[in-house]
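For the sequence shown, position 122 matches number 121 in our numbering, and the numbering has no gaps at all. For every residue, glycine included, the Cβ atom is placed at its ideal position computed from N, Cα and C. Keep in mind that this is a model prediction, so the values were computed, not measured.
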Amino acid sequence: MSARVQTASFDLAAELAGFGAGAGAVVTFTGIVRDDTGAMAALEIEHYPGMTERALSDYGLQAADRFGLTDWRILHRHGRLAVGEPIMMVATAARHRHAAFQAADYLMDWLKSRAPFWKREIGRDGAARWVDARASDEDALSRW
Numbered sequence: 000m001s002a003r004v005q006t007a008s009f010d011l012a013a014e015l016a017g018f019g020a021g022a023g024a025v026v027t028f029t030g031i032v033r034d035d036t037g038a039m040a041a042l043e044i045e046h047y048p049g050m051t052e053r054a055l056s057d058y059g060l061q062a063a064d065r066f067g068l069t070d071w072r073i074l075h076r077h078g079r080l081a082v083g084e085p086i087m088m089v090a091t092a093a094r095h096r097h098a099a100f101q102a103a104d105y106l107m108d109w110l111k112s113r114a115p116f117w118k119r120e121i122g123r124d125g126a127a128r129w130v131d132a133r134a135s136d137e138d139a140l141s142r143w
């Protein structure tokens with residue numbers, strides 16, 4: 000069970016080696032930097048070191064308690080990321096698939112709405128724009 004924030008990319012297979020040993024189900028989600036407008040060159044992600052890791056750990060522990068997880072992992076990158084690069088991953092392990100899926104969904108809703116990260120889109124022209132929170136992310140979080 001772990002939460003990590005890093006600048007380096009990650010290898011999903013390496014992250015999952017030995018993860019969830021003995022579980023009946025492992026669910027993963029990997030987020031990728033996407034360009035919805037066709038004009039974005041990169042995404043810059045800022046965070047508060049220490050505070051961010053604590054928040055991610057708290058979310059993971061809450062999910063473990065709520066869904067009976069046997070293992071969980073949250074990995075989120077910061078810094079400048081190009082379109083197409085992996086930005087984060089969530090992995091959950093449980094005795095049964097339903098709990099693992101629900102826990103992954105729960106964690107993603109919390110991460111999208113409450114994790115202390117700030118994102119700025121960098122356009123191909125060099126212009127920067129802070130990314131606003133989405134009402135749909137708040138709506139998703141309200142399910143829990």
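> Counting along the chain, where does the alpha helix (DSSP H) carrying A54 start and finish?
Replying inline: Mapped onto the sequence shown, residue 54 falls at position 55. Taken as a continuous stretch (DSSP letters only), the alpha helix (DSSP H) holding A54 covers 50–66.
- Query: By Cβ distance, which residues of its chain are closer than 8 Å to W66, with the 5 residues on each side in sequence left out?
  - Reply: Counting from 1 along the sequence shown, the entry for residue 66 is found at position 67. According to the sequence displayed, residue 66 carries Phe and not Trp. T91, A93, A98, A99, Q101, A102, Y105.
- Length of the line joining the Cα atoms of T27 and L74: What you label residue 27 is simply residue 28 of the sequence shown in a count that begins at 1. What you label residue 74 is simply residue 75 of the sequence shown in a count that begins at 1. Straight-line Cα distance between these residues: approximately 11 Å.
Worksheet item: So what's F100 in DSSP terms, helix, strand or just coil?
Response: The residue given as residue 100 occupies position 101 in the sequence shown. Here F100 sits in helix by DSSP.
**Asked** Looking at the unbroken beta strand (DSSP E) that takes in D70, where does it start and where does it end?
**Response** For the purposes of this step, residue 70 is identified with residue 71 of the sequence shown, where counting begins at 1. Its beta strand (DSSP E) spans residues 70–76.
* Asked: In this structure, does DSSP put R79 in helix, strand or coil?
  -> Residue numbering aside, residue 79 sits at position 80 when the sequence shown is read from its first letter. Strand at R79.
Original post:
Which residues mark the beginning and the end of the alpha helix (DSSP H) in which E14 is found?
Top reply: Stepping through the sequence shown from its first residue, residue 14 is reached at position 15. Run containing E14: 11–15, per the alpha helix (DSSP H) assignment.
| said: Since E137 and M39 should fall inside the 8 Å C-beta cutoff, what is the C-beta to C-beta distance between them, to a whole number of angstroms? | reply: For the purposes of this step, residue 137 is identified with residue 138 of the sequence shown, where counting begins at 1. For the purposes of this step, residue 39 is identified with residue 40 of the sequence shown, where counting begins at 1. With 8 Å as the limit, E137 and M39 do not qualify as a contact, their Cβ atoms being about 23 Å apart.
* Closest to V82 by CA distance: which of S8, V4, V89 is it? -> Locating residue 82 in the sequence shown gives position 83, where the first residue counts as 1. Ranking S8, V4, V89 by Cα distance to V82 puts S8 first.
Same chain, Cβ closer than 8 Å to F116, neighbours up to 5 away in sequence not counted: Numbered from its first residue, the sequence shown carries residue 116 at position 117. Closer than 8 Å at Cβ, skipping near neighbours: I44, E45, H46, T51, H75, H77.
Sort Q5, L80, D34, A22 by Cα distance to G49 and report the nearest one.
-> Taking the sequence shown and counting its residues from 1, the one referred to as residue 49 is at position 50. Of the listed residues, the one whose Cα sits closest to G49 is Q5.
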